[in-house]
Amino acid sequence: MRRQQLNEFFLMRKKRKKGDIERRLELVRTVSHNTHKKLVSCLQGQLGSDTEKRHKKLPLTALSQSMQEGGGQLGDESLIGKMMDLCGEAESRLASELMQHERQIEKEILEPLNQLAEVDIPNILKQRRQLAKLVLDYDSAKTRWYQATKSTNQAMASKVDSLKDEMDEALNKVEMCKDQLSADLYNFASKEGDYARYYVMLLEAQADYHRRSLAALEAAIPAIHIQQDSWMEKPAFGTALEEHLKRSNREIALPIEACVMMLLETGMKEEGLFRIAAGASKLKKLKAALDCSTSQLEEFYSDPHAVAGALKSYLRELPEPLMTFSLYDEWIQASNVSDPDKRLQALWVTCDHLPKANKANFRYLVKFLARLTQESEVNKMTPSNIAIVLGPNLLWAKTEGTLAEMAAATTVHVVAIIEPIIQHADWFFPDEVDFNVSGMFSMPSHPPTPDLDHGLDRKRPGSLGQDGDSHTPRKDSPARELESTPPPQRNGLVHLAVGTPHSQGGPRIPSPLSVRRGTKKQAPAPPKLASPFSQSNQSTSTSSSSSHPPVTPRRHSSKDIIQAPSHPPPQPPQAHQAQGEPEPSPTSSPTSPDTPPHDGSHSNLPHPPVSPYPSGSLPRPARPAPKPRARPSMPPPPQPAGSDDFCSSASKIITDV
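Heads up, the sequence shown stops at 664 in the numbering used here, and the numbers go up one at a time, no gaps.
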């Protein structure tokens, strides 16, 4: 009894397992069929076609051919053409890798899945239906045999043996089909791990394809970068200074040099330079012209404010300020030194710490701004005014914050840094600067005539004055009491006509420069100062009246050359000491430590006008003039070893005085 129960238990368990397998068969067939269908739709080539035909039908192949054809049409003269040709080759390699990947997927995954879903499982299900039919045949034969054995009819009794044989044969078929079905079910159950392996192989094939594709891209990208980096025509605005200089093989950034040379030619006497905004469209056009390194800049000579705006925009759009983020705290700390002499020393040391490229461009810019302040009588741009409008574009904080907060925190410190550097430009950078560094700006091709020089009114520094040059009267001299500020003139066409000196008497004839532009308000008259310095110069100041017809601005006819100013740069500070002249009385603005002032008055040299306002701000009649600043007396520290040659002679010049 116990043995019979165990046999029944194992038989029921076997039937239950077979029933679970049979139920899972249909589900496996359904999901395998759906997976095969979706995977086929992911293929980009035609299923079952040969290798060459499949490669031609790939979208990547069409893209590669289109890019290579476009590169051939543009040619090697165009960077876009080069990039399209190289990228087209890379896309062709990717297409080859994709074709191999799809062939692998088709052979190792799609075909086995299709075999499982469309052949193997349907055969098992067909065997199951065959077993059900054989069972019905067996039941029918058994019923007929049973009826024959119970029948009393002699004819039916004679057929019992044949019916018995038929029933036994049907039973044998049932048993054979049942054994075959069981074998197929157990075989399917044993191979379920192999069937699941197909999905793992799919991921492995995809990973291998992407690795090969990545290798092809990594092999192509460096060559593409080399071609791109070798292309010289790249935007200068918004590009790091070091990158721009390295790419263009320049010492001074192109926007800085181009703008400075144009301003030297036509903008030195423009009132409110760097302060008055230019037209947005003109500024945008100039920036675009500088970005593509064009030399056709003639049309911008007539708009110095657009040129100044482009220079400010370039400095502001640098990823790192010209005076660097790394030295920001050092600049601020140097500006907070209370003692004027020590403050200059601290600024000198910080300036010497600038990177070579930044220092060269900063020196170039400061020298130009110092030249610009020599015309402050006309352009109203004193060192203080320049520091206010241009300083925030040279140095700003890297810390996060709102734009208003950063501007408010930076402007005050930057003005205290930039103003003394501009005032003492020849002390910070003793060597003279050739503004035409690159040589792409040529001097005028024809010799200047006296009329042309007067018409363009190139005011020379006091250290380079010629005998016979007229002295420009000071703002506090009697000859300037009733004069208005001369208006800015385009293209350098300024006619200097100063009124009759006060000592000669008679009515004063207003200068043509006294007629201001209709779009600007009249500048307030500066207050008269009763200082001994101004009184001592009152008797020596002279003025002359001269009128010359307007002269066409000096321009070179070539489109590849940009004209430069014809006047020479100021002499270095030691030129005065070589003559052995005594040190004159201090000017209203601080001079370099322990060195003669560069704009001192000499008996045989003309001098540029000196503002009675030492702070460099625009005159305000309601406020009294501040006292002159104390002159720094401490020499700068010795030049650190290994520093660049821009300040190599600074210590020697100061200590030899």
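A virtual CB, placed ideally from N, CA and C, is assigned to each residue, including glycine. Being a predicted model, the structure only gives us computed values, none of them experimental.
- In this structure, the CA atom of L224 is about 18 Å from the CA atom of P66.
- Where C299 is concerned, there is no enclosing alpha helix (DSSP H), because DSSP gives it neither an H nor an E.
- Put simply, of L379, E76, V181, N121 the residue whose alpha carbon is nearest the alpha carbon of I393 is L379.
- In the DSSP assignment, W355 falls within the unbroken alpha helix (DSSP H) covering 347 to 359.
- Under a 10 Å Cβ-count criterion, I233 is classified as exposed, with fewer than 16 other Cβ atoms of the shown protein chains found around its own Cβ.
- For F244, same chain residues with a beta-carbon under 8 Å away, outside a window of 5 residues either side, are P262, K294, L297, D298, S320, Y321, E324 in chain order.
- For the pair D186 and A139, the Cα-to-Cα distance works out to about 13 Å.
- Counting of Cβ neighbours within 10 angstroms places N179 among the exposed residues, the total staying below 16.
- The Cβ atoms of E109 and L46 do not sit closer than 7 Å to each other.
- Annotation: A313 to G279 spans about 12 Å, alpha carbon to alpha carbon.
- One Cα belongs to V38, the other to A102, and the distance between them is close to 30 Å.
- Of the candidates A124, D27, L93, L397, the residue whose Cα lies closest to the Cα of N41 is A124.
- For the set D348, K63, P347, A353, the Cα lying nearest the Cα of I339 is the one of A353.
- Here F332 carries a coil assignment [DSSP, helix/strand/coil].
- Runs of the beta strand (DSSP E) spanning 3 or more residues and lying entirely within the stretch 33 to 65 do not occur at all.
- Per DSSP, the unbroken alpha helix (DSSP H) holding H217 starts and ends at 199 to 236.
- Taking C-beta atoms as the reference points, A148 and M174 count as a pair closer than 7 Å.
- In terms of CA proximity to Q137, S189 leads the group R31, N160, S189.
- V267 and D236 have their alpha carbons spaced roughly 28 Å apart.
- Annotation for E426: P390, S391, A394, G623 place their beta carbon closer than 7 Å to its own, counting only its chain and skipping 5 residues before and after.
- With contact defined as three or more Cβ pairs closer than 8 Å, the stretch 73 to 85 and the stretch 51 to 63 are not in contact.
- I28 sits close to L192, with the two beta carbons spaced by under 7 Å.
- By the C-beta density criterion, W238 is exposed, having fewer than 16 other C-beta atoms within 10 angstroms.
- Across the structure, G398 and M269 are spaced so that their CA atoms are roughly 21 Å apart.
- In the structure shown, A377 adopts helical secondary structure according to DSSP, grouped into three states.
- Rounded to whole angstroms, the Cβ separation of A230 and I112 is 30 Å, and the two are not in contact under 8 Å.
- Excluding residues up to 5 positions away in sequence, H43, L46, V47 lie with their Cβ nearer than 7 Å to the Cβ of L117 in the same chain.
- If you draw a straight line from the Cα of D346 to the Cα of Y308, it comes to about 43 Å.
- Here L372 is actually not in contact with H431; their C-beta atoms are around 15 Å apart, not less than 8 Å.
- Taken in chain order, the whole alpha helix (DSSP H) runs of length 4 or more contained in the stretch 51 to 135 are 58 to 64, 66 to 81, 86 to 112, 118 to 122.
- Classified as exposed, G446 has fewer than 16 neighbouring CB atoms from the shown chains inside 10 Å of its CB.
- Distance from the CA of Y202 to the CA of D127, rounded to the nearest whole angstrom, comes to 11 Å.
- Taking the Cα positions, T331 is about 26 Å away from A284.
- Here S342 is near A423, since their CB atoms are less than 7 Å apart.
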